[in-house]
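In full-length UniProt numbering, the protein residues as written are 1 to 132.
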């Protein structure tokens, strides 16, 4: 199967390279307080929640999602992987514009269980040419 495409959504970019780009984007966008959350490492998010052990806050989330996705809309992948689209709309995490438009509520805490799928989709969406 082709990388970044259904059914597997295998990543096109190595773990090391994608994490490096994610972190660099967070620094470039001025959210270095979120640095520990700027990772595709699921185990870290499992242990420390969405923001890792950082001082990152919900108002940083649109930028965080932008960096994770490099601005791509990864909702098709999230739909395929069955990310919740009912309330709360966890699928909003699959496109930074949705988070910007719809805002966030504490209900989104329920989306933590979908974070592995969401990050997988964002990483699958990265293309080699995206790495700066």
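For each residue, glycine too, the CB sits at the ideal point set by N, CA and C. Bear in mind that the values here come from a model prediction, so they are computed numbers and not experimental data.
**OP:** Could you say which of 114, 38, 30, 5 lies nearest to residue 86 if we only look at CA atoms?
**Re:** To locate residue 86, count along the chain shown from 1; it is residue 86. That would be 114, whose Cα lies nearest to the Cα of residue 86.
Subject >> Alpha carbon of residue 93 to alpha carbon of residue 16, nearest angstrom >> reply: In the chain shown, counting from the first residue as 1, residue 93 sits at position 93. In the chain shown, counting from the first residue as 1, residue 16 sits at position 16. Each residue's alpha carbon lies about 23 Å from the other.
Original post:
Should the region 94 to 103 be called in touch with the region 15 to 35, which here means at least 3 C-beta pairs below 8 Å?
Top reply: no
**OP:** Give a yes or no on whether the C-beta atoms belonging to residue 78 and residue 117 are separated by under 8 Å.
**Re:** Position 78 of the chain shown, counted from the first residue, corresponds to residue 78. Position 117 of the chain shown, counted from the first residue, corresponds to residue 117. Contact flag set, yes.
Original post:
Taking C-alpha atoms, which residue in 56, 81, 57, 131 lies nearest to residue 7?
Top reply: Mapped onto the chain shown, residue 7 falls at position 7. Looking at the Cα atoms, 81 is the closest of the given residues.
Subject >> Buried/exposed call for residue 39, threshold 16 Cβ in 10 Å >> reply: Indexing the chain shown from 1 puts residue 39 at position 39. Residue 39 is buried by the Cβ-count criterion.
Original post:
Are the CB atoms of residue 125 and residue 96 nearer to each other than 8 Å?
Top reply: Your numbering for residue 125 matches position 125 in the chain shown. Your numbering for residue 96 matches position 96 in the chain shown. Contact: no.
Original post:
What's the C-alpha gap between residue 90 and residue 43?
Top reply: If you number the chain shown from 1, residue 90 lands on position 90. If you number the chain shown from 1, residue 43 lands on position 43. Their backbone Cα atoms lie some 19 Å apart in a straight line.
Subject >> Residues near residue 131 in its chain [Cβ-Cβ closer than 7 Å; skip 5 each side] >> reply: Position 131 of the chain shown, counting from 1, holds the residue named residue 131. Counting only Cβ-Cβ distances below 7 Å, and skipping sequence neighbours, we find 13, 17, 21.
**OP:** Starting from the N-terminal side, write out each stretch of the beta strand (DSSP E) that is 3 residues or longer and does not extend beyond the UniProt domain "Domain of unknown function DB" (25 to 122).
**Re:** none
**OP:** Inspect the beta-carbon positions of residue 31 and residue 56 and report whether they are closer than 8 Å.
**Re:** Position 31 of the chain shown, counting from 1, holds the residue named residue 31. Position 56 of the chain shown, counting from 1, holds the residue named residue 56. Going by C-beta atoms, residue 31 is nearer than 8 Å to residue 56.
Original post:
So which of 119, 128, 83, 129 has the shortest CA-CA distance to residue 110?
Top reply: The residue given as residue 110 occupies position 110 in the chain shown. Here the closest residue by C-alpha is 83.
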